[in-house]
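So in this note's numbering, spot 261 of the sequence shown is number 261, and the numbers just go up one at a time.
Idealized CB from N, CA, C, for every residue including glycine.
For reference, the structure is listed below as structure tokens.
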Amino acid sequence: MANYYSSDFQLGVLGGGQLGKMLLTETRRYDIYTAILDPSDEAPCKVGSNRFEQGSLMDFDTVYNFGKTVDLLTIEIEHVNIVALEKLEQEGLEIHPSPKVLKTIQNKGRQKLFYKEKNIPTAPFELFSGIAELKEAVNQNRIQYPFVWKSTQFGYDGKGVSVIKNEEDLAKLSDGECIAEQFVDFEKELAVIVARNKSGEVTTYPVVEMEFHPTANLVEYVLCPSSVDSAIEDKARKLAINVAEAYGSTGLLAVELFLTKSGDILVNEVAPRVHNSGHYSIEGSYTSQFEQHLRAILNLPLGSTKNKVAAVMVNLVGDENHSGPVKYEGMEDLMKMEGVNAHLYGKKETRPFRKMGHVTIIDESITEAREKAEKAKNSIKVISTN
Ligand code: ADP
1 MANYYSSDFQ
11 LGVLGGGQLG
21 KMLLTETRRY
31 DIYTAILDPS
41 DEAPCKVGSN
51 RFEQGSLMDF
61 DTVYNFGKTV
71 DLLTIEIEHV
81 NIVALEKLEQ
91 EGLEIHPSPK
101 VLKTIQNKGR
111 QKLFYKEKNI
121 PTAPFELFSG
131 IAELKEAVNQ
141 NRIQYPFVWK
151 STQFGYDGKG
161 VSVIKNEEDL
171 AKLSDGECIA
181 EQFVDFEKEL
191 AVIVARNKSG
201 EVTTYPVVEM
211 EFHPTANLVE
221 YVLCPSSVDS
231 AIEDKARKLA
241 INVAEAYGST
251 GLLAVELFLT
261 KSGDILVNEV
271 APRVHNSGHY
281 SIEGSYTSQF
291 EQHLRAILNL
301 PLGSTKNKVA
311 AVMVNLVGDE
321 NHSGPVKYEG
331 MEDLMKMEGV
341 NAHLYGKKET
351 RPFRKMGHVT
361 IIDESITEAR
371 EKAEKAKNSI
381 KVISTN
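Here is the structure:
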């Protein structure tokens with residue numbers, strides 16, 4: 001086994017946002033030298049990394065040359081140049097998740113086809129090369145309202161996803177390859193994070209339950225433990241392991257799920273990396289998702305995924321009426337509350353609904369934690385100094 005700690009080993013990370021920043025807390029704890037590539041000169045990872053390189057994640061030469069300087073490569077964002085990763089892999093570089101997995105998940109159409117091929121339960125869908133084809137399918141009554149339109153590429157945080165209820169909604173869509181997915185009238189949205197290392201060790205985190213912001217289409221609260229019964233908990237964790245095994249992925253895989261009103265579980269989509277739904281684990285779990293990702297990609301023993309306490313995570317997003325240099329109002333009120341842990345990502349500029357940080361509330365009781373989370377959310381505002 002390689003010597004990673006206080007050594008010449010260099011871990012490379014594509015992307016230098018908040019996920020990378022929280023990963024760096026763990027690489028620093030273990031003293032693992034970490035290099036970051038990110039397009040922004042003000043990336044959250046700039047301060048915590050051993051080496052920071054500014055450059056495009058989509059440019060072949062930039063990604064390839066960066067890859068040549070490190071011993072193992074991982075990502076914190078999936079929109080990266082795959083051709084460069086394929087060449088690096090051919091030349092012997094270890095990359096987790098593999099370029100093959102990234103290629104499948106980068107395109108929502110390809111990802112859905114993968115589930116179909118592997119018999120993984122997912123909402124029925126049809127793939128279209130452009131909007132004209134989709135309109136024709138609607139006219140022929142092959143697709144019925146309401147359905148969910150998803151652009152196959154570059155969707156993020158609900159952008160590029162719309163519920164289409166009528167002709168008027170359909171007319172507003174932009175052209176491009178897309179899928180039309182059956183609208184799932186779900187009971188709950190759940191997620192399970194799976195970790196796999198190269199030796200074949202697999203662990204799952206407990207099921208988390210997500211509550212969405214009614215208008216921003218962003219996760220507002222993540223609760224762990226969730227309120228589902230143990231049969232659903234087991235079924236969701238088993239399904240998530242099947243998904244990870246179907247991909248053959250190494251590292252973390254966050255599996256987003258729908259629990260239907262009849263108790264079925266459908267896979268919505270996955271992210272082969274640390275994920276917003278696992279932030280609670282920093283304070284809530286024996287092993288945080290960030291440490292677990294490191295352990296998994298470095299083929300180290302995986303840690304316990306048990307909860308120490310109940311936890312609720314609240315995303316701190318920019319106020320919808322503010323854009324400009326950021327100011328956090330009410331931080332002191334948060335600090336007065338027991339078990340409330342704020343994380344600020346270090347982004348200089350706020351924009352409506354931009355993810356600026358998160359707060360994790362821990363308590364012996366999930367009910368208490370959820371109540372406190374609402375108070376915490378209402379006591380802090382992300383505004384601009386303008
Ligand atoms: P993104 O990649 O932008 O996060 P998702 O595919 O996860 O996009 O969709 C964002 C949200 O839209 C989901 O979390 C869910 O609330 C809703 N959604 C997605 N697909 C469906 C569906 N088939 N039926 C109902 N709601 C859906």
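Judged by beta-carbon spacing, Gly-160 lies beyond the 9 Å limit of Glu-76, meaning their Cβ atoms are not closer than that value.
If you look at Ser-174, you'll find it isn't in any alpha helix (DSSP H); DSSP assigns it neither H nor E. Of all C-beta pairs linking the stretch 199-211 to the stretch 219-235, three or more are shorter than 8 Å, placing the two stretches in contact. Take Asn-65, set aside five residues on each side of it, and no residue of its chain has a beta-carbon closer than 6 Å to its own. For Ala-236, DSSP records no beta bridge to any residue.
DSSP places Asp-264 outside both helix and strand once states are collapsed to three, so it counts as coil. With a cut-off of 8 Å, the C-beta of Lys-355 is classified as distant from the ligand ADP, since no heavy atom of the ligand falls inside that distance. Counting the other CB atoms within 10 Å of its CB gives Asp-41 a total below 16, which places it among the exposed residues. The nearest non-hydrogen atom of the ligand ADP is 8 Å or more from the C-beta of Ala-195. Going by DSSP, Glu-374 is part of the alpha helix (DSSP H) stretching over 366-379.
Leu-102: member of the alpha helix (DSSP H) spanning 99-106, first to last residue. Here Asn-386 carries a coil assignment [DSSP, helix/strand/coil].
By the neighbour-count definition (other C-beta atoms within 10 Å, threshold 16), Phe-290 is a buried residue.
Beyond the five residues adjoining it in sequence on each side, Glu-233 comes within less than 6 Å, by CB distance, of Val-207 in the same chain, given in chain order. Sequence-distant partners of Val-270 (beyond 5 residues in either direction) whose C-beta falls short of 8 Å from its own C-beta, in its chain, are Ile-105, Gln-111, Val-243, Tyr-247, Leu-253, Ala-254, Val-255 and Glu-256.
Leu-37 places its beta carbon 9 Å or farther from that of Glu-26. Less than 9 Å separates the beta-carbon of Glu-349 from that of Pro-325. Pairing Cys-178 with Leu-218 gives a Cβ-Cβ distance that is not under 9 Å. Taken from the Cβ of Ala-123, at least one heavy atom of the ligand ADP lies inside 8 Å.
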